Amino acid sequence: MRIGSAAYLPSSAMAPQPLRGAVNGAASESSSSLRDPASSGELASSSETRAADARGAGASTTRQTRQQEQQDLQEIAELAARDREVRAHEQAHASVGAAYAGSPSYSFKRGPDGQSYAVGGEVGIDVSAVAGDPEATLRKMEVVQRAALAPADPSAQDRRVAAEAAAQAGQALVELAQMRREEAAEEAARKAEARAEADDASESSPPGASQDLGLYLQVARSDAPGPLLDIRA
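Following the UniProt record's numbering, the numbering of the sequence shown begins with 1 at its first residue and continues without gaps.
Shown next as structure tokens:
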């Protein structure tokens with residue numbers, strides 16, 4: 001369809017017909033005078049219809065373009081908001097996790113404007129126990145739990161990590177209690193052994209040793225000078 005172009009008409013179609021006789025010429029002239037207005041009206045109507053169709057098509061195209069632009073702007077706004085949310089979420093994990101958390105990694109989507117927006121992300125967190133040190137494991141799992149639940153809206157995966165850290169902390173508590181019981185038992189055994197050694201030492205000394213020592217003390221006291229008399233007048 002061509003917009004704004006009029007139909008091409010040969011010039012002979014609008015010219016009067018040549019006279020072939022008096023009667024035929026008059027009839028032909030009358031017929032021509034009756035046909036010409038209808039033909040002109042049909043041409044005008046067809047041209048107006050095409051022009052109206054062209055205007056309608058143009059308006060429809062404009063509406064579609066505007067709708068697409070609005071959809072693109074809305075998608076860009078949503079992607080930008082998602083990008084901010086994802087980055088804040090993962091940065092919260094990394095900041096609180098400190099030495100136990102890795103650097104954030106992201107998955108991206110290209111928007112209608114050609115820019116890449118983060119739409120997903122993750123941070124690796126070490127949830128393993130500290131071998132042979134349940135107290136250190138407890139401290140570590142406390143940090144891991146806080147890191148997993150640090151974002152304002154923890155995901156299901158975040159909650160699973162926090163639950164796993166809580167389980168590790170519970171196991172560490174059991175190990176710590178067992179370790180303390182063993183340490184207390186060892187301390188009690190050392191004290192009992194020390195008392196037994198002291199008892200053995202006292203039993204192994206000669207029975208008259210204490211009596212001889214008492215006699216020696218008595219002799220020493222008898223050799224001491226008596227009280228002095230004051231003979232001054």
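Virtual Cβ for every residue (Gly too), placed ideally from N, Cα, C.
The structure presented is a predicted model; accordingly, all values stated were derived computationally and were not measured.
Range covered by the beta strand (DSSP E) that runs through V119 | Bounds of the beta strand (DSSP E) holding V119 are 116-122.
Along the alpha helix (DSSP H) that carries P134, what are the first and last residues, could you check?
-> That run of the alpha helix (DSSP H) goes 134-148.
Using three-state DSSP, classify S107 as helix, strand or coil.
-> Here S107 sits in strand by DSSP.
Residue of A152, A129, Q67, V144 minimising C-alpha distance to E175 = Among A152, A129, Q67, V144, the Cα nearest to that of E175 belongs to A129.
Can you name, in chain order, every residue of its own chain whose Cβ lies under 6 Å from the Cβ of A162, other than the five neighbours on each side?
-> Excluding sequence positions up to five before and after A162, its CB lies within less than 6 Å of the CB of Q145, A148, L149, all in the same chain and listed in chain order.
Whose C-alpha, out of G132, A101, Q115, G120, is nearest the C-alpha of D126?
-> When each option's Cα is compared against that of D126, the closest is A101.
Please classify L34: does DSSP put it in a helix, a strand, or coil?
-> The predicted position of L34 is uncertain, since its pLDDT is 45 and thus under 50; no value can be drawn from it.
Is A101 helix, strand or coil by DSSP?
-> Strand at A101.
Could you check which residue in V96, K191, I76 has the C-alpha nearest to that of M141?
-> The residue with the shortest Cα to Cα distance from M141 is V96.
Indicate whether P134 and G121 have their beta-carbon atoms separated by less than 7 Å.
-> Contact flag unset, no.
Can you find a C-beta in chain B that's less than 7 Å from the C-beta of A147?
-> Going by chain labels, chain B is absent from the structure shown, which holds only one protein chain.
Do you know whose CA, among Q91, Q178, R181, lies nearest V123's CA?
-> Nearest in C-alpha terms to V123, of all of Q91, Q178, R181, is Q91.
Leaving out five residues before and five after T62 in sequence, what residues of the same chain have Cβ atoms less than 6 Å from its Cβ?
-> Answer for T62: no residue qualifies.
Nearest to A118 by CA position, among R50, A99, P112, V86, is which residue?
-> For A118, the nearest C-alpha among the options comes from V86.
With a threshold of 16 other CB atoms inside 10 Å of the CB of A152, please say whether the residue is buried or exposed.
-> A152 comes out exposed.
How big is the Cα-Cα spacing for L138 and Q67?
-> One alpha carbon belongs to L138, the other to Q67, and they sit about 57 Å apart.
Exposure label - D72; buried when at least 16 CB within 10 Å | By the neighbour-count rule (16 or more Cβ atoms within 10 Å), D72 is not buried but exposed.
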